[in-house]
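Chains as they are written, first to last, in the numbering used here: chain H, 1 to 598; chain F, 599 to 981. Notes follow once the structure below has been shown.
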Amino acid sequence: MKSEVPDKEQAISGIALCKAFRRTSGENIQALEQVSLNIHHGTLAALVGPDGAGKTTLLRMAAGLIAPDSGKLEVLGINVTADPQQIQSRISYMPQKFGLYEDLSVQENLDLYADLHGVTPDAKRLRYAQLMQMTDLGSFANRLAGRLSGGMKQKLGLACTLVRSPELLLLDEPTVGVDPLSRRELWEIILRLVRDENLTVLLSTAYLDEAERCGHVVVLNQGKVLVQGPPGEVTKLANGRVFLVEPPEGQPARNLQAQCFDEPGIADAVPEGGLVRVVLMPGMKASLGSIGCLTAGLDVQPTPARFEDGFMLLLHQQGNKAAPVSPGTVRQTPLADKDRCEIIIEVHDLVKRFGAFTAVDHISFEVCRGEIFGLLGPNGAGKTTTFRMLCGLLAATSGTLRVAGEDLRVARASARQRIGYVAQKFALYGQLSVIENLEFFASAYGLRGRRKRDRIDWALQDFELSELVKLPSGQLPGGYKQRLAMAAALLHEPEILFLDEPTSGADPLARREFWQRITLFAEQGVTVIVTTHFMEEAEYCDRALIQDAGRLLARGTPAEIRLLADSRGGQRPSMEDAFIAIVEKAREKASTLAMGVA
Amino acid sequence: MKHARAAGYDPISSRLRRIGALVRKESRQMLRDPSTVLIGIVMPALLILIFGYGLSLDVKNVPIAVVLEHRSQEADEIAAGFSLSPYFKATVLTSMPQAQQLMNQRKVDGIVRIRQNFSHQIASNNADIQVLVHGSDANYARIVQGYALGAIGQSFLRKKMEGVVINDGPVIVQSQTWFNKNNDSHYFLVPGLIVLIMTLIGALLTALLMAREWEQGTLEAIFVTPVRVGEILLGKIIPYFCLGVIGLALCIMAAKFLFNVPLRGSTSLLAGASMLYLLVTLGMGLLISAATKNQFLASQIAIIVSYLPAMMLSGFLFDIRSMPVALRVITLVLPARYYNELLQTIFLAGNIWPIIIPDLMVVGAMAIALLWLARIKTKKKLG
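Okay, here's the thing in C-alpha cells:
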C-alpha cells in the first residue's frame, strides 16, 4: 500500500481495520485484526475463510452497521464511521438471515424495499418485470415469503436488494443451504448483474468453487487476511502438487482418503470420481514415494490445481488442518463380514401425501449394514419427509418401510434405541452447557450409572469437547455444535445414524472432519443415512439416490450416478454436473408429459 | 462537502413515502399475525369481561339470619327491610341458637338479633340491635356490617318520615357516597381497566414486535436502505397507536353501555389524555426492545415495569394514600398513576381542571422523554 489514506477510486477501501467483540462468557474475540483490502468498482469479489474468520463482521462494517475499533474504511469514497447513512442509502445488503418478512407476500416484500429505496412507480414496473423474469418468482407473487422453499427465499432476498441498481451489493453467504440448481440460478443472476450493469459485488461464501468464479478473492482466517487478489493466485499455490490416486481394488475411495488425510506430508485429500484427490505439502513432491498411504504401488496421476486445493494448502500452512479423528469406538461390538449385504433398511413403494400434495411419490430403496447412504435432491424434493418417515416421526400414506426389521412408527421404544438422529440445525439446548446437553441426552436414551459416565467420557474425548464442557451449547462455534449434536446422537451406540443436512453452512475444514468421522463409523459397522447439498460429498457415500418432486430419479454408487449423466464426451462429469443434468432431464420430461396431457 | 450534502438531500416526500411503506407493512403483519390480534383485541375484551363481571368488589345477596326473639310491628318492619333489600338474602328465625348453628355452618354470613324487650327499649328510646358478622374475610365483613347498619338506619328513617316521633340519639350518622352514589365498584374498576389495556397494547405488544425484528434480523436488512431510525420508529408507533385507539373506543363503549359508568367529563378530553398516555407506553415499549433486542426478555421487562405497576401501584386496585411511604414515592414516577387519576376524574367527577392540567403535563412530559430516549437508544448498529 502506497499510503495510509484510503483510495477514493475503490468501491471499498479499508486500512488496518480492527474489531473485537466480547462474548457473554467474558472472553474477548478478535474478529478482525489489521485487515486492509481494496475492491475495485465493477468487480465481483468474494470473502472466503473458515467459520469465525470475520467475514460477516467485515460485511457488516462495509454496510455501516459495525464501527471499526481502529483503522479506516471507505465505501464508495465515504467514511463508514462519519456518514454510515449515506452509504446505506446507496448500497444494497443481504444479511445471512435475508431480512424477509415471512408474513408478507413476495410482492409485498418487494414493494416495501422499493418504497424504502424511493423507487418511482414507473421504474418499479420496469424493474419488477426484470426481477421476476430473472428469479422466476412471477408465479409466486402472492405467496407468503415464509411459505417459499429455501432456494426461493434466497432469490427473493436477492431480488429485494435489487429493486433498484445499487452502487455496491453486499451479500452474506447468499447460497448457504441452497441446492445446486438454485445455487446455479442465483449465480447466473449475480454474474449477469456484474456483466450488464457493471455492478460491484462483495459476497462471502463457504463454497470454494464460487470463489473461483470471482474476479477478486480475499482469504480470511481468524480475523486476518491471508491472501488477496485474483483467485488464480490462490490456485497457483497448489500448482504441480495435486494428484489423483486410484484406491486399491474393492476398497471405497473414502478409506484411502481417510488414510491420506492424516499424513503429515499431505495438505488435503478428498474423494473425487472414485479416485482420491491429494494435495501435497511444499517440498513433498520429490519424495512422493515416501508418503505412507501412496506407497502400495497405486496409480498416481498429476492433475491441474483448483482454487480449493490452494485454499486448503494455505490454511494448512496456517496450522488449521482438521484435527485427525482418533479411532475410538463408536460401538463396542464391531460388526463382521461386510461382503455380505445384510439389508438393514428396506423401503418399498413409499408414498406420503399432505392433502393434494404428494411429497414422496413411490420411492423404493435398500440400505446394507455399514453402508453410507446419501439422499440427494433439490430443496423441496421430499428428502426431509422421507427421513422423518424412516425415523418413525411421520406416518407413511402407503408403502412399506422397515428399519432394522421394524416399522419405527408402530415399533416399541426399544426399537428406537437402535437409531440415532441428528436434525437439521442440530436440536441442542442452547442454554445448557455441553456437559448438561450430553447428560440430558444420555438420560433420555435410558443410560444410567457406569455406562452413562463411560459414554459421556467417550463423547467428550472422541469429539474433543473436553475443553468446552462448561460453555452453553448456543455459544459453541459452528463446527463444535455439529460435533456435540453427533456425539449426543451416538451416546446410546445406535446401529443406524440419520443425519439431515449436517454440513449445511459448515466451512471446508469442518466438513472434512465430519466426513472423517462418518468414514470411521461406517468402518465400525454403523449404517449412516445422510442428506447434503454439497454434491461432492456424495463421493463419500457407498450409494446414493437422487430425488426430485418426491420421485426417485437415480439410484446407485456415485460412479453409476455420474455415468447416467455422462453426456459431455470424454470428460468426467463432477457429481454436481451429474446431479443437475439428471434433475433437469427429469423436469423437462415431466413438463413435456404435462403438456401432452393438456 | 457541498456535493455530499446534495447527495444526502432527502425531500420530505420521500420521507413520507418510506414511513407510509413501513406503516403498510406493519398493518399487514398486524392483521395476519394472530398473536397481535390476541393481545390487541381479544385480551382487552377478555379483561373487560373478567374484571367487569367477575371482579366486582360489590357485595350482593349476602345470606343473613334475622333473629326475632320478640315479635312486634317494629321488629317485623326491620326484618322486612332485610328481606326486601337486594343486598341481603334474609332467613327469619326465632331463636339465637338456630342462627348460631347456621353461622357455624357458614350458611349465613351475619346475624341480626332483635331482643325480647325491643319494643320497651324503643319506647324508652334506648333500643339496641345486635349485629354479628362472620369475620373470616375482614373486608367483606366490614362491607356486610356497613350494609346491615344502613338497612337498620333506613327503617328508622322511614318511620320518621312517616311522622312517627323518634328521639334521635346523641349522634346522628348521615353517610353519603359522592361521585359513586350506588357505591358501584365498576365505577372505578372500568377506568382502571382502560389503564391496563392501554399499557398492554402500548408497552408489551410494541416491545415484543420490535424485539422480534431485532431477533429475526429483518431490521439488519432494513437498516441498509435510505430509511432513518426515526422513520422506523414512526412506522411502529403509528399502527400501534391506531390499534390502541380502537382498544380505547371499545373500552369507553363497554364502560358506558355495559357497565353504565357515567362519563361526567368531556369525551374529547378523555380521548386526548388516553392518546397522550398511549404515546408514553409506546415509548416504553420501544425503549425496552431497543435495550434488550430479545423477545423473551422484552416481554418479561415490559410486564414488570409497565403492566404490573399499572395494576398494583396506579391506584387502580389499591389506594395510593394507604400505601407505605416507599411505595408512594415509587408511584410518583409511574405514568399509570397519573393516567388512572385522570381517567377517574374525567369519568366520575368531570372536567376538574386543577387535577387534570398538572396530570396531563406530567404524562405529556413523560411521553416526550420516553420517545426521545427510545430514539436515542435505537441505533443503526449491530453487535
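Ideal placement from N, C-alpha and C gives every residue a C-beta, glycine not left out.
- As summarised for the segment 419–444 of chain H, the continuous alpha helix (DSSP H) elements at least 4 residues long and confined to that stretch are 434–444, given in chain order.
- Contacts with chain F at 8 Å (Cβ-Cβ) include Leu-65 (chain H).
- Under the Cβ distance rule, Thr-816 (chain F) counts among the residues neighbouring chain H, one pair being separated by less than 8 Å.
- When the alpha-carbon of Pro-907 (chain F) is set against those of F:Lys-977, F:Thr-929, F:Ile-799, F:Gly-833, the nearest one is in F:Thr-929.
- The C-beta distance from Ala-965 (chain F) to Leu-874 (chain F) rounds to 6 Å, short enough to meet the 8 Å contact threshold.
- Proximity of Val-931 (chain F) to chain H, defined by a Cβ-Cβ separation below 8 Å, is not satisfied.
- Per the Cβ contact rule, the segment 367–385 of chain H is in contact with the segment 536–550 of chain H (3 or more Cβ pairs under 8 Å).
- Looking at the DSSP output, Lys-658 (chain F) bridges to nothing.
- The three-state reading of DSSP puts Asn-221 (chain H) in strand, counting E and B together.
- Residues of chain H whose Cβ lies closer than 7 Å to the Cβ of Val-825 (chain F) are, in chain order, Leu-116.
- Beyond the five residues adjoining it in sequence on each side, Asn-949 (chain F) comes within less than 7 Å, by CB distance, of Gly-863, Ser-864, Leu-867 in the same chain, given in chain order.
- With contacts defined by Cβ atoms closer than 8 Å, Leu-158 (chain H) and Pro-174 (chain H) form a contacting pair.
- The criterion of a C-beta distance shorter than 8 Å is satisfied by Leu-314 (chain H) and Val-234 (chain H).
- Take Pro-477 (chain H), set aside five residues on each side of it, and the residues of its chain with a beta-carbon closer than 7 Å to its own are Asp-51, Gly-52, in chain order.
- Taking CB atoms only, Phe-821 (chain F) has a neighbour in chain H less than 8 Å away.
- DSSP places Ala-934 (chain F) in no beta strand (DSSP E) but in the uninterrupted alpha helix (DSSP H) bounded by 933–942.
- Between the C-alpha atoms of Val-903 (chain F) and Met-808 (chain F) there is a straight-line separation of about 17 Å.
- Distance check between Glu-624 (chain F) and each of F:Lys-891, F:Glu-811, F:Leu-700 places F:Glu-811 closest, using alpha-carbon atoms only.
- Across the set H:Asp-179, H:Leu-100, H:Gly-150, H:Ser-398, the C-alpha of H:Ser-398 shows the shortest separation from the C-alpha of His-348 (chain H).
- DSSP places Phe-579 (chain H) in the helix class (H, G or I) of the three-state scheme.
- Here the C-alpha atom of Ile-712 (chain F) lies approximately 47 Å from the C-alpha atom of Leu-794 (chain F).
- Taking a Cβ-Cβ cut-off of 8 Å, Ser-70 (chain H) has no neighbours in chain F, whose nearest Cβ is about 16 Å from it.
- Three or more Cβ pairs closer than 8 Å define a contact, and the segment 149–164 of chain H meets that threshold against the segment 95–103 of chain H.
- Runs of the beta strand (DSSP E) spanning 3 or more residues and lying entirely within the segment 6–89 of chain H occur at 12–22, 28–39, 44–48, 70–75, in chain order.
- Between Leu-47 (chain H) and Ser-204 (chain H), the C-beta gap is smaller than 8 Å, which places the two residues in contact.
- When C-beta distances to chain F are compared with 9 Å, the residues of the segment 43–60 of chain H below that value are Thr-57, Arg-60, in chain order.
- Think of a sphere of 9 Å around the beta carbon of Asp-103 (chain H): the chain F residues whose beta carbon falls inside it are Arg-626, Gln-627, Arg-630, Asp-631, in chain order.
- Gln-417 (chain H) sits in coil when the DSSP states are folded into three classes, being neither helix nor strand.
- Among the residues of the segment 71–89 of chain H, those with a Cβ less than 9 Å away from any Cβ of chain F are Ile-78, Asp-83, Pro-84, Gln-85, Gln-86, Ile-87, Gln-88, Ser-89, in the order of the chain.
- In the structure shown, the three-state DSSP call for His-668 (chain F) is coil.
- Listed by position along chain H, the residues whose Cβ is nearer than 9 Å to that of Ala-619 (chain F) are Asp-111, Leu-112, Tyr-113, Ala-114, Asp-115, Leu-116.
- Think of a sphere of 7 Å around the beta carbon of Ile-91 (chain H): the chain F residues whose beta carbon falls inside it are Val-822, in chain order.
- Put simply, of H:Glu-576, H:Ile-291, H:Thr-592, H:Pro-508 the residue whose alpha carbon is nearest the alpha carbon of Phe-311 (chain H) is H:Pro-508.
- When secondary structure is reduced to three states using DSSP, Pro-837 (chain F) falls in the helix class.
- In the structure shown, the three-state DSSP call for Thr-879 (chain F) is helix.
- A Cβ-Cβ separation of about 12 Å leaves Leu-787 (chain F) out of contact with Gly-913 (chain F) under the 8 Å criterion.
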